[in-house]
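Data first, discussion second: the structure below is written as structure tokens.
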Amino acid sequence: MKCKNCGEEIQENARFCQNCGAALPPEPSEGKEEDAALRSEAQAPEEMEKKEGQGSGETAEKDSAAEEKQEPENTEAEGQKAGEGKDAEKPEVQQKENSEKPERQQKENAAKAAQEEGGTSYQTVKSGESGEPGKKKRTALFLGIGIGAVLLLVLVVGIALMLTGKTKTIDLSTYTSVSYEGYNGYGKAELQFDRERFLSDWRKKIRFGRGRLARSYKRAARGDDPADFLYERFLEVSADLDTKERTDLKNGDSVQLHWSLDKDDDRDIRKTFGVKLKHEDQSFTVEGLEEIRTFDPFAQIELRLDGTSPNGRASLEIQDDSNFIRELTIELDKRDDLKNGDSVTASIDEERVSYFIQKHGIAPSPLKKEYKIENLAAYAEKDSEVPEELLEKMKKDTVDKLQAELAWQSNSGVSYSGAEYIGNYFLNAKKEGRSGNRMVLVYKVTANVKFPEAGFDQNFNYYYYGSFSQILLKPDGSYSIDSYFSTPTNYVQFDTGVKFLGISRILDFNGFQTLEELKTEAVTRGVDSYTVEEHINEGGSGESAQESASAAESGEGGESEAAGSSEAETTAAA
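If you want this note's numbering, it's the 1-based position in the sequence shown plus 346.
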């Protein structure tokens, strides 16, 4: 290898020319292969410089040894030339050498300083040359080495400054914006990244680095420009709007842009492309959305009710003959097990609204409507809800059944004397999902027993009921009731004491000896399914079905009057 400055042959791995002292460019060297994958960092520059420094130190030691071998030869050559005229020129030479000692000492000191500062000095004295020219060459060599060391120092500092200052920063906010489409209240935001301007700005400024990660990304790029690869690999997939799923934006709303790039991404980008990204979250304000015409979709929708309270059912009926409203999805929040007084809400599916607006250019408003449940046919829940007309009918049916039963015993001297209405038990279904009610009308009955041949005429009292169910009140004021009603199947006995053929005559009546017995059979056995309201008022404050009295008590024609309240009601005996 020859020096580009003086053309002299130089040794391998030398850092400076041995002849003129010029600094030589370093040979390229590759770093060690890294073991890590894409995120493994390249070998540290300090480690590479340390290895290069060790190599140049070994070369300097070899060159210094070669120089020491050459110096005796040069000294011998100079001695031969000086010996030819030593007798004639001895005083002159001695004087010259004495004068050159300070100068030589200065040069040696300069050379030593140059060695300590910048590297190892090299010199070559060709055979046959006199000592004076060799000294001049050595002086020039030392001077060149010093200059080279200074230049090398300047070069190292310049490279360090260049490496420090070469990382460029890309402010991503200069390339991002948000666009809005739709109508005010039904708008949608979309992120815009000016890719063309980004590539135009950075295609010639971004390069793949030399590290392993950079080489891996370069292979993955498949020949694409580094700027294109940076955009597709990192930027395109990292930006996100917090409202990207919303279609209900209105003017003045705030939209936030977030970047998902983390510290590892920043480091990889810096090592791979030599640039730094500035990616701060941004806030945008919705604007420019047009106003839209609206219509009330519920003006053409009716709520339909079926069934009875509390088991009513609701549905929606669209009155519009076209499919205009049917393109909207409308749902009720509750459809079954409804009772009067409840509320249900009809809601339009907002996901369908955006499509509807884009298609028709008009928006439904409002999107919800609440309906009050009323006018369902309902079962009476207390006795006060039972219409007076219906109550009178139930009373009549009960007394008619009672009189019919007693009539079957007329051949036994039994007759109906009267029945006092003393109140009712109202039973309301309490199990969820079950409907219905029961109303038990209670009477205190007076039956008359006569045996004329024995001179026997006496009244007998017992309790009787009529149980009615499914009392349903309709919205139009009408009502209905189960046509079947029940009466006691229990028997109460009355021993007349009158003997026939030696046997006492005992009579049986459908009913109960006491009110408590009646309640047990007609009411208590159903308390697991019903809640019970008791409205019994025994002791003269009830209603009398017939004014009756015992002949023995009144002494008037075998009949007596039973006292009743001023509100008593009389039903003629059958």
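By construction, the Cβ of each residue, glycine as well, lies at the ideal position given by its N, Cα and C atoms.
Local conformation of residue i per DSSP, three classes
i	result
residue 666	coil
residue 575	helix
residue 866	helix
residue 756	helix
residue 674	coil
residue 831	coil
residue 650	strand
residue 840	strand
residue 566	helix
residue 364	coil
residue 355	strand
residue 592	coil
residue 492	helix
residue 522	strand
residue 656	coil
residue 732	coil
residue 586	strand
residue 546	helix
residue 803	strand
residue 709	strand
residue 872	helix
residue 636	strand
residue 486	helix
residue 726	coil
residue 738	helix
residue 397	Confidence at residue 397 is low in this model, with a pLDDT of 46, below 50, so the placement of that residue should be treated as unreliable; the coordinate-derived value is given next. It is helical.
residue 680	coil
residue 816	coil
Beta-carbon proximity check, residue i vs residue j, cutoff 8 Å
i	j	result
residue 760	residue 748	no
residue 679	residue 693	yes
residue 684	residue 719	yes
residue 790	residue 884	yes
residue 623	residue 524	no
residue 714	residue 744	no
Rounded straight-line distance, which links the Cα of residue j to that of residue i
i	j	result
residue 625	residue 555	22 Å
residue 606	residue 613	14 Å
residue 669	residue 706	12 Å
residue 598	residue 583	27 Å
residue 653	residue 821	12 Å
residue 636	residue 686	44 Å
residue 528	residue 699	11 Å
residue 832	residue 641	57 Å
residue 695	residue 664	16 Å
residue 783	residue 738	18 Å
residue 409	residue 360	In this prediction, residue 409 has a pLDDT of 46, which is less than 50 and means its spatial position is unreliable; what the coordinates show is noted afterwards. So the two alpha carbons sit approximately 9 Å from each other.
residue 928	residue 768	Nothing can be reported for residue 928, as the shown portion of the chain is limited to 347 through 920.
residue 531	residue 815	55 Å
residue 426	residue 354	Note that residue 426 has pLDDT 43, beneath the 50 cutoff, so the model's placement of it is unreliable and the number below is only indicative. When rounded, the distance between both Cα atoms is 27 Å.
residue 548	residue 618	14 Å
residue 809	residue 852	18 Å
residue 862	residue 873	15 Å
residue 558	residue 365	41 Å
residue 688	residue 656	9 Å
residue 725	residue 882	22 Å
residue 633	residue 541	24 Å
residue 569	residue 603	31 Å
residue 763	residue 732	28 Å
Cβ separation of residue i and residue j, assumed to be a contact under 8 Å, to the nearest whole Å
i	j	result
residue 592	residue 534	7 Å
residue 736	residue 876	Residue 736 to residue 876, Cβ: 19 Å. No contact.
residue 771	residue 878	6 Å
residue 367	residue 498	With 8 Å as the limit, residue 367 and residue 498 do not qualify as a contact, their Cβ atoms being about 12 Å apart.
residue 544	residue 526	Rounded, the Cβ-Cβ distance is 22 Å, inconsistent with contact.
residue 844	residue 793	Contact flag wrong, Cβ pair sits at about 15 Å.
residue 601	residue 514	Wrong, their Cβ atoms sit about 29 Å apart, outside the cutoff.
residue 611	residue 575	Not really, about 14 Å apart at Cβ, beyond 8 Å.
residue 924	residue 834	Since the displayed the chain opens at 347 and closes at 920, residue 924 lies outside it and no answer follows.
residue 595	residue 658	So it is not a contact: roughly 40 Å between Cβ atoms.
Extent of the continuous alpha helix (DSSP H) to which residue i belongs
i	result
residue 704	696-706
residue 618	609-619
Range covered by the beta strand (DSSP E) that runs through residue i
i	result
residue 580	Where residue 580 is concerned, there is no enclosing beta strand (DSSP E), given that its DSSP letter is neither H nor E.
residue 644	Residue 644 -> no beta strand (DSSP E), and no H or E assigned at all.
residue 854	849-856
residue 539	532-539
residue 554	Where residue 554 is concerned, there is no enclosing beta strand (DSSP E), given that its DSSP letter is neither H nor E.
residue 515	514-517
residue 715	714-718
residue 787	783-797
residue 859	Residue 859 -> no beta strand (DSSP E), and no H or E assigned at all.
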